[in-house]
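This report refers to the structure that appears directly beneath it.
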Amino acid sequence: GENVEQHPSTLSVQEGDSAVIKCTYSDSASNYFPWYKQELGKRPQLIIDIRSNVGEKKDQRIAVTLNKTAKHFSLHITETQPEDSAVYFCAAPQRSQAGTALIFGKGTTLSVSS
Amino acid sequence: DSGVTQTPKHLITATGQRVTLRCSPRSGDLSVYWYQQSLDQGLQFLIQYYNGEERAKGNILERFSAQQFPDLHSELNLSSLELGDSALYFCASNEGTVNTEAFFGQGTRLTVV
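Those protein sequence lines, which keep their order, are chains A and B. According to our numbering, the first sequence holds residues -16 to 97 in order. According to our numbering, the second sequence holds residues 3 to 115 in order.
The structure is reproduced here in structure tokens:
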């Protein structure tokens, strides 16, 4: 099945700096890569996703890049703010005979200090 | 509010007991996914149901089982509970394909004592 590895596990930055979180996946057939943000005590929520037909996608201060050859994708947050502090999860699809589900990385705890 | 409802929010029970967690998906969503979130393990995929049928299975223990009913709500049954089963259990739903956003419920925090 799919194996998703995420690095780093923790990341501390100063407000205004950029943050980059990287993930690798194992199934070359995977074609959808979402990123979820989970604030303390809350549910995970989708913040951005990318499909394999594009190499980069941006939404204001966040962007995701995808390298299908190397089987890795990254989340980039620019001009970080204290409210960006949260746990971020990457994910990739795991396919089986019967169905497909998202497999998540172990998460990155981002701390933005002001 | 994601539209996914999980009950109860909190559950405290003793080792060896059995509990049932309930999930109501967003209106119109056919697929339900169950995840377990422990402190150091991230979001572990347990099982997926689509329109009443089991579709994909992850690292779900034999002591755990799930089902999806005709009204599309789902239940996760955990039996012979152990201390290590203490975790946050999330349900997520979407229209059915994995390539679309999965909406998470608020989770059920299970504490086994």
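Don't be surprised by glycine CBs; every beta carbon is placed ideally from N, CA and C. None of the values given here were measured: they were computed from a predicted structure.
Quiz item: Is there at least one Cβ from chain A nearer than 8 Å to B/R57's Cβ?
Solution: yes
Self-check item: Contact belief for B/L32 with B/E77 at Cβ below 8 Å, rounded distance in angstroms
Solution: Actually they do not touch by this definition, with Cβ atoms about 16 Å apart.
Practice problem: Answer with yes or no whether the minimum CB distance from A/K51 to chain B is below 8 Å. | Solution: no
Quiz item: Does DSSP put A/D42 in a helix, in a strand, or in coil?
Solution: strand
Self-check item: Alpha-carbon spacing of A/S96 relative to A/Q64, whole angstroms
Solution: 8 Å
Practice problem: Could you work out which residues of chain B lie near A/S94, taking near to mean beta carbons separated by less than 8 Å? | Solution: The premise fails here: A/S94 is roughly 17 Å from chain B at the closest Cβ pair, so nothing lies under 8 Å.
Quiz item: Identify the residues that DSSP records as bridge partners of A/K20: which are they?
Solution: A/Q28, A/Y71
Quiz item: Within the 8 Å Cβ cut-off, does A/F72 reach chain B?
Solution: yes
Practice problem: State yes or no: is the beta carbon of B/Y117 nearer than 8 Å to at least one beta carbon in chain A? | Solution: A question about residue 117 of chain B goes unanswered here, because the residues of chain B that appear run from 3 up to 115.
Self-check item: Under 8 Å by beta carbon: chain A residues contacting B/A89
Solution: Here the premise fails: no neighbours, minimum Cβ distance about 14 Å.
Self-check item: Alpha-carbon to alpha-carbon, A/S94 and A/E22
Solution: 11 Å
Self-check item: Neighbour list for A/S57 in chain B, Cβ cutoff strictly below 8 Å
Solution: None at all; the shortest Cβ gap to chain B is about 18 Å.
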